[in-house]
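The structure under discussion appears below in the form of structure tokens.
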Amino acid sequence: MSYEDDDYPVDTFPKEYEYTAYDQDGLDVNALPSNSETKPRILLMGLRRSGKSSIQKVVFHKMSPNETLFLESTSKIVKDDINNSSFVQFQIWDFPGQIDFIEPTFDSDMIFGGCGALVFVIDAKDDYNEALTKFKNTVIKAYKVNPNIKFEVFIHKVDGISDDSKMESQRDIHQRTSDDLSEAGLNKIHLSFHLTSIYDHSIFEAFSKVVQKLISQLPTLENLLNIFIPNSGIEKAFLFDVVSKIYIATDSSPVDMQAYELCCDMIDMVIDLSSIYSSEETAFDSGSSSLIKLNNNTILYLREVNKFLALVCILREENFNRQGVIDYNFICFRDAISQVFELRMKSQKLAPLQEHNEQDDHDLEDNLVMAMGRTHLEDDNSMMSRTQKLT
Amino acid sequence: MNAVIALCHFCEAHGPCAIFCTQTLRDTKIEDLQLDQQQHSQKECSACNYTTTTGRNNIYSKDTESGATFLSTQTSVLPEVATLVKQAAVRSLSCEINTNKDKDGGFVFFGDSARGHVLSHTFRVCDLQTRGFYQLFSIIVLMKDKYFLLNIKPFLAEHLKKISSELQAAAQRTKEAEEVNYSARQRRLSGAQFLMPTPRSLVELTCEQNVFAQLHSHFAWILLAGSRFLTEHVTFGNLPWLPPQSSGRPPAQRLTYNSSTLPMIEKYEESIDDQEEFFSLRHIKQVVRKDDFANVCYCALTGVKIIVRGAPERTFNFMMCLKKLLPEPMHNLMRIDAQHQHSISSEYKIISVSNDIAVPVASSSVFRIDFLDEHLNGHDVSVKWQGELPRKLPDLMVKLQRAVEEKTFTELVLNKQTKVHIEEWKNKVKCLNHAKSTSVQTKLKKVLGVQPQDQPLINYWSTHLH
Ligand SMILES: Nc1nc2c(ncn2[C@@H]2O[C@H](COP(=O)(O)OP(=O)(O)OP(=O)(O)O)[C@@H](O)[C@H]2O)c(=O)[nH]1
Ligand SMILES: [Mg+2]
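Those protein sequence lines, which keep their order, are chains Z and F. Taking the working numbering, the leading residue of the first sequence gets 31, the next gets one more, and so forth. Taking the working numbering, the leading residue of the second sequence gets 2, the next gets one more, and so forth.
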């Protein structure tokens with residue numbers, strides 16, 4: 031099924047024909063100029079029915095994948111503020127797939143100007159020729175307006191597609207988009223590709239990566255995790271945004287999809303279970319923690335970091351006998367995170383005069399190294415080898 | 002009313018566009034337009050095109066009275082207008098959506114002088130085959146004159162809402178019929194292929210072959226009624242829902258008539274001489290009950306608003322008799338068979354309307370006479386008024402009542418007598434109007450025999466007689 035409408039007749043829109051900052055949230059914009067300016071924007075673009083609204087609903091509004099069958103086709107740009115935590119703050123714009131917003135008549139400065147990432151969704155189950163043409167034009171236009179945009183391609187709806195043909199589509203799409211862009215003289219643009227589906231965790235994983243690129247403190251957070259992990263005998267740790275289940279940082283060891291899914295499920299379980307015995311709002315609070323032993327000698331350990339963030343660690347059972355050290359290290363880690371948060375608040379107040387202060391972050395990391403206790407140094411090597419096996 | 006009305010649609014496959022557009026042609030002759038050559042939309046999409054049972058690509062109707070033609074086509078025949086409509090369609094469906102109310106049809110006003118001013122009404126129509134189980138439509142009214150558009154918004158809103166509800170109701174019936182055998186939700190969840198290759202058109206959604214012909218007649222009526230609205234209030238200079246102008250003087254202008262009453266009026270005017278004999282004030286007395294007769298006369302003479310409601314054929318003669326209670330220069334305060342609710346709130350003092358027009362409830366300042374279809378207590382007319390007659394009635398009224406009671410008077414004599422009394426008082430009031438100071442007026446009143454009970458009549462008449 032495919033609709034041919036290359037000459038869709040939206041041709042003569044004057045410039046002001048669009049969505050101004052004012053029309054969506056006039057008060058906010060006026061009252062807090064610096065805040066809304068610094069809040070990065072993620073655009074969801076792609077052909078009609080490619081799954082943009084579904085992604086937005088499933089990831090950020092807890093919609094079950096089956097419910098997306100009843101989503102209406104989007105008729106206007108839908109703007110959604112994501113304010114879950116100190117780090118995960120951005121705006122998602124869900125576009126109607128039928129309208130070509132790169133037409134000269136729409137105000138492209140307005141659309142791409144304050145944009146951090148452009149997620150282009152391609153339906154892998156459909157013929158994607160038309161999508162690639164639209165993608166090429168969009169990238170060219172967006173790059174011209176704002177060269178700092180991160181371009182993310184979601185090859186979507188890959189559920190029920192064999193691994194081989196997934197890889198094949200990814201290769202094909204990668205090849206053709208690169209060719210298209212170098213033809214247009216834009217080979218320096220970096221594109222990231224993700225295979226996604228709302229029926230499994232791949233969409234959360236992919237969105238995590240998109241969001242992470244927009245968090246300026248990411249290197250600091252990663253460093254903190256890198257220090258925390260070996261000192262506590264942990265194999266892998268994710269810093270989660272609890273509500274959306276996207277992880278905003280992890281240590282530098284490679285991410286294993288299964289490990290990520292386990293952690294997601296653990297969060298779901300903790301929230302579900304504790305909301306049975308408490309109200310929705312108090313389901314996750316400072317006391318939240320959970321420990322799960324798996325039958326392969328592995329332990330999942332969850333601790334609350336702040337109202338919105340949770341740290342989920344994967345470690346081997348024998349490394350958990352010194353839980354005291356882990357907990358102590360965790361407290362140091364949590365303090366460090368809150369310091370990062372404070373610094374961010376401070377720099378936001380000073381912004382836009384002052385860029386993110388890296389020196390402060392380094393000091394912080396040094397302090398953390400000195401503070402943490404050590405466990406089982408002798409296990410370090412074995413852990414490394416295990417993580418390599420997983421990948 | 003210089004406007005274009007268009008039905009627009011957000012197509013799941015192609016996005017927003019106008020599918021049906023009605024406009025008024027005045028000087029342009031329909032024969033001069035190359036309608037057949039008008040390109041049908043390139044898209045082979047039934048939802049983005051409209052179809053008529055005749056297979057023609059246009060529908061038009063002529064108003065014989067004004068000579069205007071109302072033409073419906075997919076896109077406007079005038080290219081400049083077509084561009085404006087196209088833009089307005091996209092804005093109405095994809096930008097200027099009233100988010101609070103888009104489920105049950107909100108109204109949004111947008112536009113500027115270059116791209117036209119637009120009143121847009123968006124609404125949803127059920128369709129089990131679309132992703133969200135409904136299709137999004139809008140009706141837009143595009144005009145150059147911003148204030149005109151804003152001013153007739155109440156009128157437009159009322160009727161656009163009626164049209165959209167009609168479409169929604171028809172689609173709801175179709176949906177219920179389709180759902181008799183299976184639940185669309187279950188079916189979709191079970192993984193059956195639910196989408197048709199092309200979205201369905203409004204004809205399929207409403208199961209109404211002539212839906213576009215109906216839309217044409219609705220849109221054409223709005224254009225026609227809207228233009229009546231304009232002439233009516235341009236002559237009065239003030240809009241009916243604004244407080245009346247302080248001078249309170251309607252321009253000297255003859256009574257305005259409407260098409261439904263026009264034949265009667267013509268007949269009446271042709272045979273004015275012999276008709277005169279048969280319709281006297283006694284006719285009023287026959288229609289209303291005895292004590293109500295005094296009330297009607299008093300209200301007509303002192304300027305309490307009288308609203309006569311009923312089928313035009315039945316109210317017409319009654320109105321002609323009421324007319325006899327006013328001197329000729331004040332006949333423009335009467336409105337026979339008013340077509341709009343707005344006329345009621347305007348400066349007309351005696352108004353007749355048909356049953357389908359809403360009227361205010363009776364109060365001391367509103368006198369209502371309703372011609373009922375069924376007999377109520379043996380009477381087919383209901384009269385309501387909250388006011389009370391003064392103990393002493395104006396002299397003119399006493400004289401008129403006496404004349405009506407006089408058994409020896411024939412209809413013809415009674416009519417002559419009525420006219421004489423009215424003229425007499427008209428002259429008295431005119432005379433009083435000439436008096437500059439109150440002391441002179443008091444003296445004049447003595448001479449003319451004017452007493453305090455005549456004052457309400459004088460107050461009313463003197464503002465309209467110059
Ligand atoms: N199999 C499968 N179907 C999906 C997936 N994501 C979305 N869909 C389906 O794709 C259809 C269209 O999804 P939408 O999210 O409404 O598409 P959209 O891109 O927002 O479309 P427009 O608003 O018209 O631009 C829905 O029926 C979804 O159920 C996926 O990962 N796998
Ligand atoms: Mg959508």
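Glycine residues also receive a C-beta, built at the ideal position from the N, C-alpha and C atoms. All values reported here derive from a predicted model rather than from experimental measurement.
Contacts with chain F (Cβ-Cβ distance below 7 Å) from the region 128–144 of chain Z involve 128 and 129, listed in chain order. Residue 123 (chain Z) is bridged by DSSP to Z:73 and Z:109. In this structure, residue 82 (chain Z) has its beta carbon less than 6 Å from a heavy atom of ligand 2.
For the region 75–104 of chain Z, the beta-carbon criterion of a distance under 8 Å to any beta-carbon of chain F is satisfied by 78, 79, 96, 99, 100, 101, 102 and 103. Against chain F, the beta carbon of residue 106 (chain Z) has neighbours under 7 Å at 95, 96 and 98, listed in chain order. By the Cβ test, the region 172–188 of chain F is not in contact with the region 140–148 of chain F, since fewer than three Cβ pairs between them sit closer than 8 Å. Residue 392 (chain F) and residue 324 (chain F) have their C-alpha atoms spaced approximately 25 Å apart.
Note: residue 335 (chain F) is bridge-paired with F:351 in the DSSP secondary-structure output.
Using a CB distance below 9 Å, the part of the region 13–28 of chain F facing chain Z consists of 13, 14, 15, 16, 17 and 18, ordered along the chain. With respect to the 7 Å criterion, residue 216 (chain F) and residue 405 (chain F) are not classified as neighbours on the basis of their beta carbons.
Linking residue 19 (chain F) to residue 10 (chain F) through their CA atoms gives a straight-line distance of about 6 Å.
Secondary structure remark: continuous alpha helix (DSSP H) runs of at least 4 residues inside the region 412–452 of chain F, in chain order: 412–435 and 439–449.
Closer than 7 Å to the CB of residue 132 (chain F) there is at least one CB belonging to chain Z.
Of the residues assessed, residue 375 (chain Z) falls on the exposed side of the cut-off, its CB having fewer than 16 other CB atoms within 10 angstroms. Scanning the region 178–237 of chain Z from its first residue to its last, the whole beta strand (DSSP E) runs of 3-plus residues come out as 180–186 and 221–225.
Per DSSP, the beta-bridge partners of residue 271 (chain Z) are Z:276 and Z:339.
Counting along the chain, residue 298 (chain F) sits inside no beta strand (DSSP E); it lies in the alpha helix (DSSP H) bounded by residues 291–303. The beta strand (DSSP E) runs of length 3 or more contained entirely in the region 56–111 of chain F are, from start to end of the chain, 60–63 and 70–74. Residue-level contact check: residue 203 (chain F) does not touch chain Z, since none of the beta carbons of chain Z fall below 7 Å from its beta carbon.
For residue 120 (chain F), the enclosing beta strand (DSSP E) has its first and last residue at 117–127.
Using beta-carbon distances, residue 137 (chain F) counts as an interface residue toward chain Z, with a partner under 7 Å. Annotation: Cβ neighbours of residue 190 (chain F) in chain Z (cutoff 8 Å, chain order): 96 and 99. For residue 334 (chain Z), the three-state secondary structure derived from DSSP is strand. The C-alpha of residue 409 (chain F) is placed about 25 Å away from the C-alpha of residue 301 (chain F).
Exclusion of the five residues before and after residue 401 (chain F) leaves 282, 298, 419 and 422 as the residues of its chain whose Cβ lies within less than 7 Å of its Cβ. Interface criterion not met: the Cβ of residue 124 (chain F) is under 7 Å from no Cβ in chain Z. A distance of 7 Å or more separates the beta carbons of residue 119 (chain Z) and residue 166 (chain Z). Between residue 147 (chain Z) and residue 77 (chain Z), the CB-CB gap reaches or exceeds 7 Å. Look at the beta carbons and you see the region 232–244 of chain Z not touching the region 195–214 of chain Z: under three pairs across the two are nearer than 8 Å. Residue Z:317 holds the alpha-carbon nearest to the alpha-carbon of residue 334 (chain Z) among Z:304, Z:317, Z:347 and Z:349.
For residue 111 (chain F), the nearest beta carbon of chain Z is not closer than 7 Å to its own beta carbon.
The beta carbon of residue 11 (chain F) sits closer than 7 Å to some beta carbon of chain Z. Exclusion of residue 130 (chain Z) from the 6 Å shell around ligand 1 follows from its C-beta lying no nearer than that to any non-hydrogen atom of the ligand. Residue 138 (chain F) carries a strand assignment under DSSP once its states are collapsed to helix, strand and coil. Note on residue 416 (chain F): 16 or more other CB atoms within 10 angstroms of its CB, so buried under the neighbour-count rule.
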